[in-house]
Amino acid sequence: MLEINNLKSRVGDSDILRGLSLSVNAGEVHAIMGPNGSGKSTLAQVIAGHEDYVVTGGDVQYQGKDLLDLKPEERAREGIFLGFQYPVEIPGVNNAYLLKAAVNAKRKHQGLGEVDAFEFLKLAREKMAALGMDPKFLNRGVNEGFSGGEKKRNEILQMAMLEPSLAILDETDSGLDIDALKAVAQGVNTLRGPDRAIILITHYQRLLDYIEPDFVHVLSEGRIIRSGDKTLALELEEKGYEWVREAASA
Amino acid sequence: MKQVALSIDDLREAVLRMPDDALMATREAALANLDEHGLPSVRDEDWKYTDLGPAIDISNRWLANGATITTTSNDLLADAIAAIAGAIDANWLIIANGVIDTSRFDESSGIEVQRFSESAAPFVMDRPLADLNAALLNDGLRVQIHAATEKPLGILIIDETNAGAAVSQANVEIEIAPGCDAEVIEYQSSTGTGDHFGNSVITLQIGQAAIASYVRIQNRRIGHVQSGRLCATPGRDARLNMASYDLGGGLVRNDVDIDLGEPGADVVFNGLYLAGDGQHIDNHTRVDHRVGPASSSQEYRGILNGRCRCVWNGKAIVHAGADGTDANQANHNLLLSEHAEIDAKPELEIYADDVKCSHGTTVGQLDETALFYLRTRGLDKRQATQLLTHAFAADLVGRAPVAAAIDEITSLVESRLADLIQEEA
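Protein chains in written order, with the working numbering: chain G, 197 to 446; chain B, 12 to 436.
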């Protein structure tokens with residue numbers, strides 16, 4: 197589904213990704229871990245198409261297409277979803293309106309008609325109930341005045357409505373209490389399926405207690421320095437990142 | 012800077028050709044005043060951003076051409092009036108091409124209406140362009156609202172010019188009785204392919220403990236010229252809640268003067284201006300706090316795209332002895348083009364001790380982070396831009412104090428924003 201080959205990217209004057217390669221197949225859940233500044237969020241932003249992150253080398257294939265040729269909105273309509281580490285507050289833009297516009301943008305791209313307003317609301321309310329979200333959030337401004345946990349749940353709600361082929365969740369677990377973490381994890385697990393892939397970017401192993409990854413990768417200085425199965429996350433938790441770094445340079 | 016002068020001789024001839032009615036003495040006095048002082052120019056501090064050249068040019072051409080007032084009703088104008096009256100359920104007084112039309116007004120509403128020509132009361136005021144208004148005024152309206160009415164009072168100032176140049180005047184005095192709760196909608200519109208200059212003066216006298224809710228919609232044809240003055244005098248413990256929406260016009264100058272001469276008054280007035288290529292929209296506001304306690308609060312917001320210029324000049328004068336004054340002003344602008352210009356100028360003059368005053372002005376572009384966020388949700392750049400600009404405007408649309416006008420304002424703002432974003436390359 198996603199083939200990243202020797203990807204290099206810079207922001208301003210700093211090289212952040214320095215030859216990152218990663219292969220993600222449908223049905224898989226990958227966790228990307230690493231210390232602060234290792235390039236985790238940059239990877240997410242590059243895949244989503246942020247213009248401030250300049251790609252200086254390598255290529256990314258997504259479902260057989262050159263991903264880097266696509267605009268952010270085209271990537272979204274092709275089934276890529278980025279759950280933001282810091283979801284943006286947009287006062288005045290109604291949450292339900294954005295959800296519907298997003299769903300319709302994707303449907304239009306697929307040659308489908310607009311979603312039925314009644315069905316849409318019904319579905320949104322069901323998904324919200326599953327995430328433990330009060331339906332009143334539908335009529336609020338996007339993330340406006342939401343707590344940290346509410347913002348993350350809102351990201352998961354958007355993901356659930358958009359049903360992406362590839363979901364990248366950037367530190368979705370940060371700042372969540374245990375209830376919110378469980379709700380978010382359940383939302384992600386519901387999405388798991390043979391046709392979808394999920395990339396979890398996380399700092400801590402805690403999230404992986406609730407969403408079991410097929411692969412764990414450790415990112416350091418813009419490269420994946422070690423890959424393994426879920427036991428790698430536990431080992432990291434125990435021994436710290438320094439251990440992998442030393443092992444990698446040895 | 013040299014400015015074209017108004018042709019006083021042609022103006023005099025036009026005034027002398029007007030009917031010899033109760034307004035004649037006032038017209039002649041206004042003419043003498045104009046002859047002596049002329050119209051304001053960019054040398055005047057209050058007019059330094061706005062050159063009345065186009066208004067004077069249109070006036071001169073119209074005056075030279077016989078200064079005829081189109082009184083014939085025609086389909087285009089009738090259709091435009093019907094569309095507005097259909098969109099907003101109000102009790103409409105219409106001034107079409109400067110001529111009063113009460114055919115859509117329900118006299119049984121309890122609102123009392125008199126024409127200036129039916130009484131000899133003077134109406135000229137010492138304000139720029141008010142003398143031009145008085146000199147060329149066909150007739151004016153004096154409206155008294157004694158009690159709350161089922162429908163808001165609507166004042167539709169509408170013009171149509173299909174060839175050459177035309178000028179029209181509108182003058183309305185509104186008096187709201189003490190303790191009365193009144194809703195007023197002022198709607199300015201124009202159509203036609205000719206050049207037009209509309210000049211209006213509206214006074215709003217709000218009785219003791221009365222509440223006035225006032226909505227002002229300016230949706231003139233892009234390219235047409237408007238000067239609109241609104242003077243409000245709230246009485247003791249009176250409230251004024253006003254919102255103003257500028258969507259059309261070419262050269263537009265609005266003056267809002269609020270004179271707080273009685274204690275206990277509370278005034279909130281907000282404005283939204285949306286400007287695109289070739290538009291110049293100037294909002295000058297002035298609040299005189301003469302006594303305290305009293306409060307005034309204003310927030311104007313602008314969205315500018317293409318080659319355009321907007322002005323917001325908010326003046327608040329707290330006179331000596333006006334202790335207990337609370338005056339706030341804010342102006343926020345969204346500039347979507349590097350060719351758009353905003354001149355934002357808060358002016359506070361404080362001569363009293365116990366006052367609370369604040370002002371804030373911002374000028375910015377769209378939030379890039381929010382744009383990217385929306386694009387990652389599948390919205391294209393234009394859609395995302397539209398959503399964000401719409402959100403910026405929506406807050407002020409929501410503050411329209413007259414419920415009957417909200418749907419129309421919403422739809423006008425949406426359609427104007429869609430046009431503005433379209434202009435973006």
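Ideal placement from N, C-alpha and C gives every residue a C-beta, glycine not left out. If you're wondering where the values come from, they're calculated on a predicted model, not measured in any experiment.
Along the chain, where does the alpha helix (DSSP H) containing residue i start, and where does it finish?
i          : result
Ser-119(B) : Here Ser-119(B) belongs to no alpha helix (DSSP H), and DSSP marks it neither H nor E.
Tyr-293(G) : 291-305
Phe-314(G) : 313-327
Asn-44(B)  : 35-48
Ala-376(G) : 374-387
Asn-350(G) : 344-358
Asp-142(B) : 141-146
Compute the minimum distance between the beta carbon of residue i and the heavy atoms of the ligand SAH, and state whether it is under 8 Å.
i         : result
Leu-27(B) : Absent from the structure shown: the ligand SAH. Ligands present: none.
Which partner residues of residue i appear in the DSSP bridge assignment?
i          : result
Thr-396(B) : BP columns for Thr-396(B) are empty, so no partner.
Gly-165(B) : Trp-103(B) and Ile-196(B)
Met-229(G) : Thr-398(G) and Val-414(G)
Cys-319(B) : Ala-351(B)
Arg-297(B) : Asp-268(B) and Lys-326(B)
His-207(B) : Ala-177(B)
Ser-306(B) : Asp-277(B) and Asp-337(B)
Leu-213(G) : Ser-205(G)
Output the boundary residues of the beta strand (DSSP E) element that contains residue i.
i          : result
Tyr-26(B)  : Here residue 26(B) turns out to be Val, not Tyr, going by the sequence shown. First-last for Val-26(B): 19-28, but that is the alpha helix (DSSP H), not the beta strand (DSSP E).
His-204(G) : Rather than His, the amino acid found at residue 204(G) in this sequence is Lys. Lys-204(G) -> beta strand (DSSP E) spans 198-207.
Asp-378(B) : First-last for Asp-378(B): undefined, no H or E at that position.
Asp-237(G) : Per the sequence shown, the amino acid found at residue 237(G) is Ser instead of Asp. No beta strand (DSSP E) contains Ser-237(G), which is instead part of the alpha helix (DSSP H) from 236-244.
Asn-58(B)  : What sits at residue 58(B) in the sequence shown is Trp, not Asn. Counting along the chain, Trp-58(B) falls outside any beta strand (DSSP E), and DSSP gives it neither H nor E.
Val-154(B) : 152-156
Val-183(B) : 176-187
Leu-251(B) : 250-257
Thr-427(G) : Per DSSP, Thr-427(G) belongs to no beta strand (DSSP E); it is in the alpha helix (DSSP H), 426-435.
Asp-447(G) : In the structure as shown, chain G begins at 197 and stops at 446. Residue 447(G) is therefore absent and cannot be evaluated.
Taking its Cβ as the centre, do 16 or more other Cβ atoms sit within 10 Å of residue i, making it buried, or is it exposed?
i          : result
Phe-403(B) : buried
Gly-436(G) : exposed
Gln-354(G) : buried
Gln-433(B) : exposed
Asp-266(B) : buried
Ile-374(G) : exposed
Arg-438(B) : There is simply no residue 438(B) to check, as chain B begins at 12 and stops at 436 in what is shown.
Asn-232(G) : exposed
Glu-118(B) : exposed
Arg-54(B)  : exposed
Leu-294(G) : buried
Asn-85(B)  : exposed
Phe-314(G) : exposed
Thr-113(B) : exposed
Gly-279(G) : buried
Asn-252(B) : buried
Asp-364(B) : exposed
Since I believe residue j is in contact with residue i (beta carbons under 8 Å), could you give me their beta-carbon distance rounded to a whole number of angstroms?
i          : j          : result
Thr-160(B) : Ile-122(B) : 6 Å
Asp-288(B) : Val-263(B) : Actually they are not in contact, since the Cβ atoms of Asp-288(B) and Val-263(B) sit about 14 Å apart, beyond 8 Å.
Asn-339(G) : Val-299(G) : Asn-339(G) to Val-299(G), Cβ: 18 Å. No contact.
Thr-373(B) : His-343(B) : 5 Å
Gly-345(G) : Leu-365(G) : Actually they are not in contact, since the Cβ atoms of Gly-345(G) and Leu-365(G) sit about 15 Å apart, beyond 8 Å.
Asn-71(B)  : Leu-34(B)  : That pair is no contact at about 23 Å.
Ile-394(G) : Val-384(G) : 6 Å
Asn-316(B) : Leu-283(B) : Going by Cβ atoms, the distance from Asn-316(B) to Leu-283(B) rounds to 14 Å, so no, they are not a contact pair.
Ile-228(G) : Leu-415(G) : 6 Å
Asn-482(G) : Asn-290(G) : Given that chain G is displayed from residue 197 to residue 446, the structure contains no residue 482(G) and the question cannot be resolved.
Gly-371(B) : Ala-341(B) : 5 Å
Thr-396(B) : Leu-407(B) : Incorrect: roughly 18 Å between the Cβ atoms, too far for contact.
Gly-235(G) : Ile-286(G) : Not confirmed; about 27 Å, so no contact.
Ile-169(B) : Ala-101(B) : Between Ala-101(B) and Ile-169(B) the Cβ distance is about 14 Å, and since that is not below 8 Å, they are no contact.
Thr-358(G) : Phe-277(G) : Just to set this straight, residue 358(G) is Leu in the shown sequence, not Thr. Right, their Cβ atoms sit about 6 Å apart.
Ile-228(B) : Gly-260(B) : Not a contact, Cβ separation roughly 11 Å.
Please list, in chain order, the chain C residues whose beta carbon lies closer than 7 Å to that of residue i.
i          : result
Gly-389(B) : Going by chain labels, chain C is absent from the structure shown, which instead holds the protein chains G and B.
Q. In the segment 293-327 of chain G, which residues sit with their C-beta less than 7 Å from some C-beta in chain B, listed in chain order?
A. Leu-294, Ala-297, Ala-298, Ala-301 and Lys-302
Q: Taking a Cβ distance cut-off of 7 Å, strictly less, list which residues of the segment 331-363 of chain G are near chain B, in chain order.
A: For the segment 331-363 of chain G, the set of positions with a beta-carbon nearer than 7 Å to some beta-carbon of chain B reads Gln-354 in chain order.
Q: Report the residues of the segment 375-386 of chain G with a CB closer than 7 Å to any CB of chain B, ordered along the chain.
A: none
Q.
Taking beta-carbon pairs under 9 Å, can you tell me which members of the segment 398-421 of chain G lie near chain B?
A. Within the segment 398-421 of chain G, no residue has a Cβ that lies closer than 9 Å to any Cβ of chain B.
Q: Scan the segment 269-283 of chain G for residues whose Cβ lies nearer than 9 Å to a Cβ of chain B and list them as they occur along the chain.
A: Glu-269, Glu-270, Arg-271, Ala-272, Arg-273, Ile-276, Phe-277, Leu-278, Phe-280, Tyr-282 and Pro-283
Q) Of all the residues that make up the segment 226-250 of chain G, which are near chain B by a beta-carbon distance shorter than 7 Å? A) Ala-244 and His-246
Q) In chain order, what residues of the segment 366-380 of chain B put their CB closer than 9 Å to some CB of chain G? A) Asp-378, Glu-379 and Thr-380
**Q.** Contact set between the segment 247-279 of chain B and chain G, restricted to residues whose Cβ is under 7 Å from the partner
**A.** none
**Q.** Contacting positions in the segment 339-369 of chain B - beta carbon closer than 8 Å to chain G
**A.** none
Q: Compile a chain-ordered list of the residues in the segment 405-426 of chain B whose CB is closer than 7 Å to at least one CB of chain G.
A: Ala-405 and Asp-406
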